[in-house]
Ligand code: SER
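Residue numbers (this note's numbering): 97 to 413.
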């Protein structure tokens, strides 16, 4: 019997992963937690409790009390916000991970840990096209440095203590249930919401900035495939590259215009342009596909169709 702890269940990834894991493991076995209140569908469908992952004592008590066997640690300060408060972001991103790794090391019942890495682990010196799994990694953002350091710690805990921690280098994630906050790839969510709500959007990246993106259902299925894989199928305990599609703001704009012809985008790059410019254009993820038996399903056209449809429903109420 598995009992799963989700840290950051009110966030963009956590809210959707919680619902999927509840379907698989039973509502009562997936314990959603966050430092802030969660949406009603999380609170109404199973256990939810406020939990601050920075409080290591509370964390370990929670894990023991609820006989937790798997931890998904999804709380983080994203790339744009991290540049505004570098030391705080470093402290939150690193100390929260260390608290989770230490808890998993100390509590024998915890068999598996998931922690998200990111394309932000790559830097300006990394090959931009089809970025390989193993390559030059010299991130120059606080967020990227914290993710790369986190990857090294995950691998260390696996090698040294046998903590079965698994990770994915998520690309930008596009979703309509919970909006992200403070990231560089957030434009690819905002653009859809603003298209439906206002038929206009001011984009904080330049129109030809190409970045790897993925529709949330693919990210959820990749995560579940990775966590379900047998231990000897997992070769990388630092973080697997995964890829959906690569896209620019102008390409998303053109796709949205097929549904909302009057949509207008203005381009006003801010400090996040430099962050985006340091990240890959596209990702080679053949290891994730062969080791985790996973395949993405959604491209830009299908993602756009569903985003417009679902956000329009929300707008109507
Ligand atoms: N989507 C994240 C960000 O933009 C990167 O992992 O910060």
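Just so it is clear, CB atoms sit at the ideal spot from N, CA and C, and this is done for glycine as well.
- Hey, how far is the Cα of residue 141 from the Cα of residue 123? 6 Å
- Output yes or no for whether 8 Å exceeds the beta carbon distance between residue 215 and residue 376. yes
- Query: Should residue 400 and residue 356 be called a contact, given that it needs their Cβ atoms to be closer than 8 Å?
  - Reply: no
- Item | Close-in-space but distant-in-sequence residues of the same chain around residue 116 (CB under 6 Å, 5 per side omitted) | 316
- Query: How would you label residue 282, buried or exposed, when you count the other beta carbons within 10 angstroms and need 16 or more for buried?
  - Reply: buried
- Item | Distance between beta carbons of residue 201 and residue 314, contact taken as under 8 Å | Contact flag wrong, Cβ pair sits at about 31 Å.
- Query: Going by Cα to Cα distance, which pick from 295, 247, 252 is closest to residue 359?
  - Reply: 295
- Keeping to the same chain, check which residues put their C-beta closer than 6 Å to that of residue 312; ignore five residues upstream and five downstream. 112, 269, 271
- Which partner residues of residue 298 appear in the DSSP bridge assignment? 362
- Query: Less than 7 Å between the CB of residue 227 and some heavy atom of the ligand SER, yes or no?
  - Reply: no
- Query: Once you ignore the five residues that flank residue 349 on each side, which residues in its own chain have a CB closer than 6 Å to its CB?
  - Reply: 361
- Message: Given 7 Å as the limit, tell me if residue 216 has its C-beta closer than that to any heavy atom belonging to the ligand SER.
- Response: yes
- Query: With which residues is residue 130 paired in a DSSP beta bridge?
  - Reply: 146
- Message: Once the 5 residues before and after residue 248 are set aside, which same chain residues still bring their CB inside 6 Å of it?
- Response: none
- What is the DSSP secondary structure of residue 336, reduced to helix, strand or coil? strand
- Task: In the DSSP assignment, find the unbroken beta strand (DSSP E) run with residue 197 in it and report its ends.
- Result: Careful: residue 197 lies outside any beta strand (DSSP E), inside the alpha helix (DSSP H) at 182-202.
- Within its chain, find whatever has a CB closer than 7 Å to the CB of residue 232; leave out the 5 residues flanking it on each side and keep chain order. 221, 222
- Straight-line Cα distance separating residue 179 from residue 426: Nothing can be reported for residue 426: it is not among the residues displayed for the chain, which extend from 97 to 413.
- Three-state secondary structure (DSSP) of residue 266: strand
- Could you tell me the boundaries of the beta strand (DSSP E) in which residue 249 lies? Segment 238-257 is the alpha helix (DSSP H) holding residue 249; no beta strand (DSSP E) there.
- If we count Cβ pairs, one from each stretch, closer than 8 Å, do we get three or more for the segment 169-176 versus the segment 191-207? yes
- Task: Count the other CB atoms, across all protein chains shown, that sit within 10 Å of the CB of residue 236; report buried if there are 16 or more and exposed otherwise.
- Result: exposed
- Task: Write down the C-beta distance between residue 127 and residue 143 rounded to the nearest angstrom, noting that I regard them as a contact closer than 8 Å.
- Result: 5 Å
- Below 8 Å between beta carbons: does that hold for residue 109 and residue 129? no
- Task: Evaluate residue 168 with the Cβ neighbour count: other Cβ atoms within 10 Å of its Cβ, from every protein chain shown; 16 or more gives buried, anything less gives exposed.
- Result: buried
- Task: Look at the alpha carbon of residue 305 and the alpha carbon of residue 267, and state the distance between them as a whole number of angstroms.
- Result: 14 Å
- Could you tell me which of 372, 224, 354, 383 sits nearest to residue 398, measuring between CA atoms? 354
- Whole angstroms is fine: what's the gap from residue 105's alpha carbon to residue 332's? 25 Å
- Task: Starting from residue 166, follow its DSSP beta bridges and name the residues at the other end.
- Result: 100, 208
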